[in-house]
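See below for the structure under consideration.
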Amino acid sequence: GEPADTGSASKPRQREPAAPVTPVVSYRNVKKSYGDLEVLHGIDLDIAAGEKIALIGPSGSGKTTLGRMLMTLEEPTSGIIEVEGEPLWQIERNGKLVRANEHHLHRMRSKIGMVFQHFNLFPHMRVLRNVTEAPRKVLGIGKEEAHDRAVEMLCKVGLEDKLDVYPSKLSGGQKQRVAIARALVMRPKIMVFDEVTSALDPELVGEVLSVIKEIAEEGEMAMMLITHEMDFARDVADRVIFGADGRIVETGPPQELFGQPKSDRLKSFLSRFV
Ligand code: ADP
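Dropping the structure here:
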């Protein structure tokens, strides 16, 4: 056997391959149909822990559907989506995968955060309460801790002076920043940002994108950015995924994908942004 190891634990072990790391999210041959129309044709995609991916592509290509399935707002027609190695919709029972119950879905959902194009804030609650509500009701966190966490997140998005205001008194950019704080406070493993600036007046887009960029730079949380903002995708994403007609057409680091697009589909898509 091995001699007793007395202090070499921190030495890099060069001969052994790195232990396989479970992706935070894994789509395996995921298909989705609405009625007779198949809109995703077998998606395979792994997202590493902490990885920032941008999904780009023409409208109708299936980007939102991909994100909504991760949020369990839509169920795949076939295939498996895993979060931290566990299927979202299935649970193992006596060695077989059977349909998951609500309890399993609830636990899995707590790992995933989502921010939508329309902010969906609770209009009858002040900003602070919008952010404390889910930690208290869903995670069962005590009042003081929920308050402290919410204030921390609202500071992070630059809204520390709006805690006691109702959403109707906020600009669209501020509302979206509350929505981001509300998702962050749950400490998800991955956040899906679905076209979060599309409904905003152009002058409010920058403040929201810069908040997202700051969060991305903190690093630990994975992100799926569904976006039409190519400069933003280039700035923030570790990897860009170009989809069209329900398939992944091309994927790579931003400088490669934007700098040397290979497929005609991507070349023609990008030519619209110059
Ligand atoms: P993207 O986000 O890339 O614009 P979507 O995921 O929104 O694409 O849509 C992909 C395709 O699925 C489109 O053809 C769209 O019309 C269709 N689709 C999306 N949601 C539904 C739905 N609830 N019922 C029927 N068709 C839908």
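Be aware that the sequence shown starts at 7, since it is given in full-length UniProt numbering, and climbs by one per residue. Here a beta-carbon is modelled for each residue, glycine too, at the ideal position from N, C-alpha and C.
- Here the residues close to the ligand ADP, judged by CB distance below 5 Å to any of its heavy atoms, are Y40, V45, S65, G66, S67, G68, K69, T70, T71 in chain order.
- Annotation for K117: no alpha helix (DSSP H) segment contains it, and DSSP assigns it neither H nor E.
- Between V36 and M77, the CB-CB gap reaches or exceeds 8 Å.
- Contact check for I59 against D244 passes: the beta carbons are separated by less than 8 Å.
- The DSSP-derived three-state label of G73 is helix.
- Short of 8 Å from the beta carbon of V255, and not among the five residues preceding or following it, lie these beta carbons of its own chain, in chain order: G63, F248, G249, S269, R271, L272.
- Contact check between the stretch 198-216 and the stretch 231-242: three or more CB pairs, one atom from each, fall below 8 Å, which counts as touching.
- In the displayed model, F125 falls within coil according to three-state DSSP, outside both helix and strand.
- The criterion of a C-beta distance shorter than 8 Å is not satisfied by M227 and M192.
- For L43, there is no enclosing alpha helix (DSSP H); the enclosing beta strand (DSSP E) covers residues 43-53.
- Assigned with DSSP and collapsed to three states, P82 falls in coil, not helix or strand.
- Contact between the stretch 96-104 and the stretch 140-160 is not established, with fewer than three Cβ pairs separated by less than 8 Å.
- Rounded to whole angstroms, the Cβ separation of L46 and L72 is 7 Å, and the two are in contact under 8 Å.
- Burial is judged here by how many other beta carbons sit within 10 angstroms of a residue's own beta carbon; Q266 has fewer than 16 and is exposed.
- Contact between G178 and L210 holds: their C-beta atoms lie close to 5 Å from each other, under 8 Å.
- In this structure, the straight-line span from the alpha carbon of P129 to that of H110 is close to 30 Å.
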